[in-house]
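Quick note: the sequence shown uses this note's numbering, first residue 333, plus one each step. All C-beta atoms, glycine included, are put in the ideal place defined by N, C-alpha and C. What follows is one structure encoded as structure tokens, with my remarks underneath.
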Amino acid sequence: MKIGLLSYRSNPFSGGQGIYVKHLSHALAKLGHDVDVISGPPYPELSDSVNLIKIPSLNLFELEDGERLKSFRLKFLSDSANFIEWAGVLSGGFPEPFAFGKRVERFLRSEGSNYDVIHDNQSLCYSLINIQKDFPLVTTIHHPITRDHRLELEAAKNWKDRLSTNRWHSFLKMQKKVAPKLNNIICPSNQSKNDVIQEFKVKEENLDVVLNGIDLQGFRKNENISAIPYRIITTASADVPLKGLRFLIEAMNEIVEKFNKAHLVVIGKAKEDGEIKNQISKLKLEDKVSFHSGLTQQEVVSLYCSSHISVIPSLYEGFGFGAGEAMACGLPLISTQSGGLKEVIGEDAVIIEAGSSKAIAQAVKELFIDKEKQIELSRLGRERMEKEFNWMKAAEGYVDIYTKAIESSKNNL
């Protein structure tokens with residue numbers, strides 16, 4: 333079948349969306365399907381078997397504040413997508429999903445008549461309601477962003493921070509209106525599915541669960557890379573409260589007292605004047621924590637393989653690529669069970685309480701000295717990934733739902 337996979341941004345070096353789009357599209361192509369990834373910037377890295385259709389945006393988040401203001405052009409007034417993106421970003425919002433939807437709707441009306449099915453990757457924009465009238469439509473909701481919103485409000489220090497957080501998450505009003513009107517929604521975990529039902533008031537019969545895959549060929553132990561003793565690795569959007577990094581940083585203060593050589597590698601980026609950098613400075617841990625961003629997959633794998641253990645301190649995850657990739661590389665894992673993480677890690681990790689730096693510190697110190705436990709978790713983690721999380725298996729699940737959407741669309745004609 334001819335599949336149009338929509339993704340409003342698909343950064344291959346940051347976050348899970350680029351990973352998801354890259355590997356799902358490749359697996360669908362391997363099954364013999366014709367796949368177009370229709371993406372806004374930053375654009376994904378794709379296999380040669382997948383076609384990329386670029387939907388340019390103003391991409392204002394790549395500009396400094398002053399440059400954003402100067403980017404205005406009179407022609408924006410005649411293009412609602414451009415004007416709303418420009419005005420929304422300047423006023424502290426996140427209008428990209430809305431604007432992307434407008435542009436994609438135009439593209440599909442002019443050039444998209446040959447698609448058998450359209451698959452949206454969580455834009456949840458108003459335009460999907462119109463697209464669903466013209467095409468069989470399937471939508472992935474990784475998790476409801478209402479979770480992120482609440483955690484960021486809890487972490488806000490003053491009314492200005494709360495106002496800014498509410499403004500940024502104003503797109504949730506759109507998502508809450510659109511999600512209940514969609515007929516075919518896929519979630520990557522049962523927990524995510526339950527949360528979508530609760531937060532977005534979606535009917536359960538409109539939801540399916542397809543577990544994501546892990547790139548088992550790319551993420552695997554490299555015998556030529558030796559683990560550096562007492563190196564801890566985590567993946568986190570550093571200043572996003574949902575990732576729980578602040579609790580791991582606080583735990584490092586206790587860990588280095590017993591293990592002076594302990595060092596935390598964060599795959600992610602921290603704001604120079606953000607909470608995490610300030611916390612590190614306050615605890616005098618500058619030489620004990622390093623950040624690495626903009627990495628290729630090979631560079632990420634090398635960091636995993638050179639680490640001693642991995643810690644996932646998340647307060648919520650719809651799925652948890654970081655946990656799965658660490659386990660695939662044979663790293664002993666310490667993790668919370670928040671959100672969909674419990675379905676990824678099962679019982680093959682050291683389980684810790686979410687939001688507790690004491691629990692993290694205690695688990696890390698115990699695992700550092702338990703060599704037998706390290707060996708056992710390394711083996712069990714890889715075995716679990718091989719058994720449960722395969723992108724080809726995931727793609728087959730998606731195709732079943734595409735087929736169901738196509739048949740349902742025919743019946744409604």
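If you follow the alpha helix (DSSP H) that residue 653 is in, where does it begin and where does it stop?
653 to 660
Reference residue 648, options 535, 626, 687 and 591, closest by Cα:
687
Ignoring anything shorter than 4 residues or poking outside the region 588 to 625, list the alpha helix (DSSP H) runs there in chain order.
607 to 614
Simplified DSSP state of residue 628, which is helix, strand or coil:
coil
Please give the ranges of any alpha helix (DSSP H) in the region 476 to 517, keeping only runs that are unbroken, at least 4 residues long and fully inside the region.
478 to 487, 491 to 500 and 504 to 510
Quick check for students: name the residue ranges of the alpha helix (DSSP H) that lie wholly in the region 372 to 457, counting only runs of 4 or more.
397 to 402, 412 to 422 and 428 to 443
Any chance you could list the beta strand (DSSP E) runs of at least 3 consecutive residues sitting entirely within the region 650 to 728, in chain order?
665 to 667
Give a yes or no on contact between the region 477 to 487 and the region 562 to 578, applying the rule of three or more CB pairs nearer than 8 Å.
yes
Where residue 350 falls: helix, strand or coil (DSSP):
helix
Does the region 420 to 427 touch the region 471 to 479, meaning 3 or more C-beta pairs lie closer than 8 Å?
no
Supposed close pair residue 652, residue 524 - CB separation, criterion 8 Å
Not a contact, Cβ separation roughly 10 Å.
Given this structure, state the Cα-to-Cα distance separating residue 371 from residue 535, to the nearest angstrom.
28 Å
Distance check for residue 675 and residue 479, CA to CA, integer angstroms please.
18 Å
Cβ shell of residue 590 (< 8 Å), same chain only, five flanking positions each side left out:
697
Can you tell me whether residue 547 is helix, strand or coil according to DSSP?
coil
Specify, as a first and last residue, the run of the alpha helix (DSSP H) that residue 533 falls within.
Here residue 533 belongs to no alpha helix (DSSP H), and DSSP marks it neither H nor E.
If I follow the unbroken beta strand (DSSP E) through residue 334, where does it start and stop?
334 to 339
Are there three or more Cβ pairs, one per stretch, closer than 8 Å when the region 542 to 551 is compared with the region 720 to 730?
yes
Looking at the secondary structure, which residues open and close the beta strand (DSSP E) in which residue 466 lies?
That residue, residue 466, is in no beta strand (DSSP E); its alpha helix (DSSP H) goes 459 to 466.
Please state the DSSP three-state secondary structure of residue 633.
helix
Which residues share a DSSP beta bridge with residue 563?
595
Cβ shell of residue 609 (< 7 Å), same chain only, five flanking positions each side left out
602 and 603
Looking only at C-alpha atoms, which of 712, 681, 455 and 440 sits nearest to residue 449?
440
Classification of residue 405 by the beta-carbon crowding that lies within 10 angstroms, buried from 16 upward:
exposed
Straight-line CA distance for residue 501 to residue 491?
15 Å
State the Cα-Cα distance for the pair residue 416 and residue 461, rounded to the nearest angstrom.
19 Å
Whole angstroms are fine: how far does the CA of residue 669 sit from the CA of residue 685?
8 Å
Whole angstroms are fine: how far does the CA of residue 421 sit from the CA of residue 393?
8 Å
Per-residue DSSP class, three states only, for residue 740:
helix
Opposing strand residues paired with residue 735 [DSSP bridges]
BP columns for residue 735 are empty, so no partner.
Among 618, 373, 384 and 707, nearest to residue 335 - alpha-carbon criterion:
384
Residue 531 versus 516, 538 and 512, residue with shortest Cα-Cα distance:
512
Member of 538, 632, 728 and 452 whose CA lies at the smallest distance from the CA of residue 340
452
Would you mind working out which of 353, 643, 622 and 581 sits nearest residue 615, comparing C-alpha positions?
581
Residue 624 and residue 562 - do their beta-carbons sit closer together than 8 Å?
no
Decide if residue 716 is buried, meaning its Cβ has at least 16 other Cβ atoms within 10 Å, or exposed.
buried
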